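For the sequence shown, the numbering used here begins at 2 and goes up steadily by one.
Glycine included, every Cβ here is placed at the ideal spot set by N, Cα and C.
Given the structure is predicted, the values throughout are model-derived calculations rather than measurements.
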Amino acid sequence: LDETAPLLGGTVGWDVGVSATRDILAKANAAALEQFVKANVLLAFDFDGTLSPIATAPSKARMRRRTRALLTEVARRYPCAVISGRRLADIQQRIRPVPVQHLFGNHGGESLSARPSAPVPREWLTTLSRDLACVDGVTIENKRWSVTVHYRHAADRRLARAAIADSIRRLNRARRLDGIESINILPAGNPTKGDALRIALQQSGCTSAVFIGDDVTDEHAFAALPRTRTLPVRVGRRRQSAARYYVASQRQVDDLLARLLALRADRGNVVMRAR
Ligand SMILES: [Mg+2]
Numbered sequence: 002l003d004e005t006a007p008l009l010g011g012t013v014g015w016d017v018g019v020s021a022t023r024d025i026l027a028k029a030n031a032a033a034l035e036q037f038v039k040a041n042v043l044l045a046f047d048f049d050g051t052l053s054p055i056a057t058a059p060s061k062a063r064m065r066r067r068t069r070a071l072l073t074e075v076a077r078r079y080p081c082a083v084i085s086g087r088r089l090a091d092i093q094q095r096i097r098p099v100p101v102q103h104l105f106g107n108h109g110g111e112s113l114s115a116r117p118s119a120p121v122p123r124e125w126l127t128t129l130s131r132d133l134a135c136v137d138g139v140t141i142e143n144k145r146w147s148v149t150v151h152y153r154h155a156a157d158r159r160l161a162r163a164a165i166a167d168s169i170r171r172l173n174r175a176r177r178l179d180g181i182e183s184i185n186i187l188p189a190g191n192p193t194k195g196d197a198l199r200i201a202l203q204q205s206g207c208t209s210a211v212f213i214g215d216d217v218t219d220e221h222a223f224a225a226l227p228r229t230r231t232l233p234v235r236v237g238r239r240r241q242s243a244a245r246y247y248v249a250s251q252r253q254v255d256d257l258l259a260r261l262l263a264l265r266a267d268r269g270n271v272v273m274r275a276r
């Protein structure tokens, strides 16, 4: 693995000419959103930093009450998917009881329907633990189908990243996906969030998708489908992204949910009563 190259680039080849420069909540872009809502659309979300604010520790991340309420209503009107780097059981627990039909954990490596992909070899954990034992503020999270090495609390993040990168080079058939203050390691060949989005689209019978995410790993999903069939929205404006649209902050995800809800206000859960 080449530490200097953005490792996603080699596998995605996303068009860096495209960038998250259009505010999806701006009046000028309302028509674009409406056009997707009129179609047979799937709404797909990342979790951390998208549906929930980034927390100081992964265990503390949860949706605001307002987000949860909005998502519940949205999920009654649209087919929805959540695609997270967390373990499936973990993300299930954080989404419950919101009726999201398509849930994916481990970046797509785990789902409610498909068989899980290749587990992380035990040697990886041995190597990582040995190599990183002396690096202060680094934690290794074993998610069975992927490993996340967190360095948010490292005193020297640059040093921590370099040590993690060195250790990853010693792992056999490892695929590195850089995240926000963390590095994910997947067995080569395991699915990415892009694969998960394509599977969710197929399972839902939808023809297009809105995908909302904030992280480097979400770039796979932003670029997973042809332009005409996807409306990718990045949380936070960024020059280099495959997402054409953005919302300025995580809090604005609520505004986007409210907008989506308003666009299908007439489609609620109609209970048919026998007369
Ligand atoms: Mg995220």
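### Query
Are there 16 or more other CB atoms within 10 angstroms of the CB of residue 92, so buried, or fewer, so exposed?
The sequence position of residue 92 within the sequence shown is 91, counting from 1. Its Cβ being crowded by 16 or more others within 10 Å, residue 92 is buried.
### Message
Checking 9 Å against the spacing of the C-beta atoms, do residue 47 and residue 179 come in under that value?
### Response
As a first step, residue 47 must be located in the sequence shown, where it is residue number 46. As a first step, residue 179 must be located in the sequence shown, where it is residue number 178. Their beta carbons are not under 9 Å apart, which means residue 47 does not touch residue 179 by this criterion.
### Task
Quickly, what does DSSP pair residue 81 with across the bridge? List them, please.
Against the sequence shown, residue 81 aligns to sequence position 80. Residue 81 is bridged to 44.
### Message
In the DSSP assignment, the alpha helix (DSSP H) including residue 172 goes from what residue to what residue?
### Response
Here residue 172 is taken as the residue at index 171 of the sequence shown, counted from 1. Here residue 172 belongs to no alpha helix (DSSP H), and DSSP marks it neither H nor E.
#### Entry: Beta bridge counterpart(s) of residue 247 as assigned by DSSP
Looking up residue 247 in the sequence shown gives position 246. Bridge partners of residue 247: 24 and 235.
### Message
Between the region 121-132 and the region 95-113, can you find at least three pairs of beta-carbon atoms closer than 8 Å?
### Response
Because the criterion of three Cβ pairs below 8 Å is not met, the region 95-113 and the region 121-132 do not touch.
#### Entry: Whole runs of the beta strand (DSSP E) within the region 51-112, excluding any shorter than 3 residues
81-84 and 103-106
#### Entry: Top-ranked residue by Cα proximity to residue 61, from 50, 25, 168 and 203
Position 60 of the sequence shown, counted from the first residue, corresponds to residue 61. Considering only alpha carbons, the answer is 50.
### Cβ-heavy atom distance, residue 181 to ligand 1, below 8 Å
As a first step, residue 181 is located in the sequence shown; it is residue number 180 there, counting from the start. True, at least one ligand heavy atom lies under 8 Å from that Cβ.
### Any non-hydrogen atom of ligand 1 closer than 8 Å to residue 109 Cβ
Along the sequence shown, read from residue 1 onward, the residue named residue 109 stands at position 108. Outside the cutoff, so no.
### Length of the line joining the Cα atoms of residue 63 and residue 101
Residue 63 sits at position 62 when you count from the first residue of the sequence shown. Residue 101 sits at position 100 when you count from the first residue of the sequence shown. Cα to Cα, the separation comes out at about 16 Å.
### Task
Taking residue 130 as part of the alpha helix (DSSP H), name the residues at either end of that continuous run.
The residue given as residue 130 occupies position 129 in the sequence shown. Residue 130 -> alpha helix (DSSP H) spans 123-133.
### Message
I'd like the list of long-range same chain contacts for residue 30, defined as Cβ closer than 8 Å, with 5 residues on each side in sequence excluded.
### Response
As a working mapping, residue 30 is identified with position 29 in the sequence shown. Closer than 8 Å at the Cβ level, and outside the excluded window around residue 30, lie 23, 24 and 246.
#### Entry: residue 154, DSSP secondary structure in three states
Indexing the sequence shown from 1 puts residue 154 at position 153. Correct three-state label for residue 154: coil.
### Task
Would you check if the distance between the CB atom of residue 45 and the CB atom of residue 210 is smaller than 9 Å?
Residue numbering aside, residue 45 sits at position 44 when the sequence shown is read from its first letter. Residue numbering aside, residue 210 sits at position 209 when the sequence shown is read from its first letter. Yes, they are a contact pair.
### beta-carbon residue 1 near ligand 1 non-hydrogen atom, thresh 8 Å
The requested residue 1 is not part of the displayed model; the chain covers only 2 to 276.
### Query
Near ligand 1, which residues have their beta-carbon less than 5 Å from any of its heavy atoms, given in chain order?
47, 49, 50, 215 and 216
### Message
Strictly by DSSP, which residues pair up with residue 214?
### Response
Numbered from 1 along the sequence shown, position 213 holds the residue referred to as residue 214. Bridge partners of residue 214: 235.
### Query
Under a three-way DSSP split, which group does residue 142 fall into?
Mapped onto the sequence shown, residue 142 falls at position 141. Reduced to three states, the DSSP call for residue 142 is strand.
### Residue closest to residue 26, alpha-carbon to alpha-carbon, out of 70, 251, 158 and 66
Taking the sequence shown and counting its residues from 1, one reaches residue 26 at position 25. Closest option to residue 26, Cα to Cα, is 251.
### Span separating the alpha-carbon of residue 88 from that of residue 175
Taking the first residue of the sequence shown as position 1, residue 88 is located at position 87. Taking the first residue of the sequence shown as position 1, residue 175 is located at position 174. Those two C-alpha atoms are separated by around 18 Å.
### Task
Within the same chain, show all residues whose beta-carbon is closer than 6 Å to that of residue 235, passing over the 5 residues directly before and after it, in chain order.
Counting from 1 along the sequence shown, the entry for residue 235 is found at position 234. Correct list, in chain order: 21, 242, 244 and 247.
### Task
Give me the Cβ distance between residue 108 and residue 192, rounded to the nearest whole Å; I'm assuming they're in contact under 8 Å.
As a working note, residue 108 is residue 107 in the sequence shown. As a working note, residue 192 is residue 191 in the sequence shown. So it is a contact: roughly 7 Å between Cβ atoms.
#### Entry: Cα-Cα separation between residue 118 and residue 146, rounded to whole angstroms
Within the sequence shown, numbered from 1, the residue matching residue 118 stands at position 117. Within the sequence shown, numbered from 1, the residue matching residue 146 stands at position 145. Roughly 7 Å separates the two Cα atoms.
### Task
May I ask you to list the residues that DSSP assigns as paired with residue 30?
Residue mapping note: residue 30 aligns to position 29 of the sequence shown, counting from 1. BP columns for residue 30 are empty, so no partner.
#### Entry: Spatial neighbours of residue 199 in its chain, beta-carbon cut-off 8 Å, leaving aside the 5 residues before and after
Position 198 of the sequence shown holds residue 199. For residue 199, where only same-chain residues beyond five positions count, the Cβ hits under 8 Å are 225 and 226.
### Query
So is residue 274 buried or exposed if we call it buried at 16+ other beta carbons inside 10 Å?
Within the sequence shown, residue 274 is the residue found at index 273, counting from 1. The predicted position of residue 274 is uncertain, since its pLDDT is 47 and thus under 50; a value taken from the coordinates is nonetheless stated next. So residue 274 ends up on the exposed side.
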